[in-house]
Amino acid sequence: MARDIYAYRDVAVQSCVVDNQVRICPVPGQAYSPALIAYCPKVMTDIDQYPLGTFFLVSAKLTDRLGGLPYLYVYHGDPVKVLSPEQTAKFLAEFKRGRI
131 MARDIYAYRD VAVQSCVVDN QVRICPVPGQ AYSPALIAYC PKVMTDIDQY PLGTFFLVSA
191 KLTDRLGGLP YLYVYHGDPV KVLSPEQTAK FLAEFKRGRI
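My numbering applies: residue 131 is where the sequence shown begins, and numbers increase by one.
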């Protein structure tokens, strides 16, 4: 089954600690709550490779599996794109300008 590319949107996320585990969460200032968890490639939560607080740009969709809690899903085959704090701020500023 092909992936529905229209269900995905660009989201700035960062690594953070939730319940004593490294997780990936949306950066505040976007359509998604920072309380959501993003399910993404495991390499993004590897603090040896990417320090805690690293920003990423991902293509994600909001979903809930079998009526559970909603979460962001990032396709495991997409490349990992790291953002600097300046690039993240620029992305968020463009996002705010593009809102209706």
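Beta carbons: idealized from backbone N, C-alpha and C, even for Gly.
Environment of residue i [buried if 16+ CB atoms lie within 10 Å]
i: A168; result: buried
i: P156; result: buried
i: Q179; result: exposed
i: L202; result: buried
i: L213; result: buried
i: A190; result: buried
i: I177; result: exposed
i: Q151; result: exposed
i: V147; result: exposed
i: I230; result: Residue confidence for I230 is low, a pLDDT of 43 falling below 50, so the modelled location carries little weight; the figure read from the coordinates is stated next. Per the 10 Å Cβ criterion, exposed.
CA nearest to the CA of residue i, picked from the options
i: Y162; options: K220, P181, V141, G197; result: V141
i: E216; options: F186, T193, N150, V173; result: F186
i: D149; options: L166, M174, A137, F225; result: L166
i: L222; options: Q144, P158, Q151; result: P158
i: P209; options: P164, M174, R153; result: M174
i: R153; options: A137, T218, T184, Y138; result: T184
i: L182; options: Y136, K220, S145, A137; result: S145
i: A137; options: P171, L192, C170, P164; result: L192
Beta-bridge partners of residue i, as assigned by DSSP
i: Y203; result: Y169, K191
i: D140; result: S189
i: V152; result: V147
i: L213; result: F185
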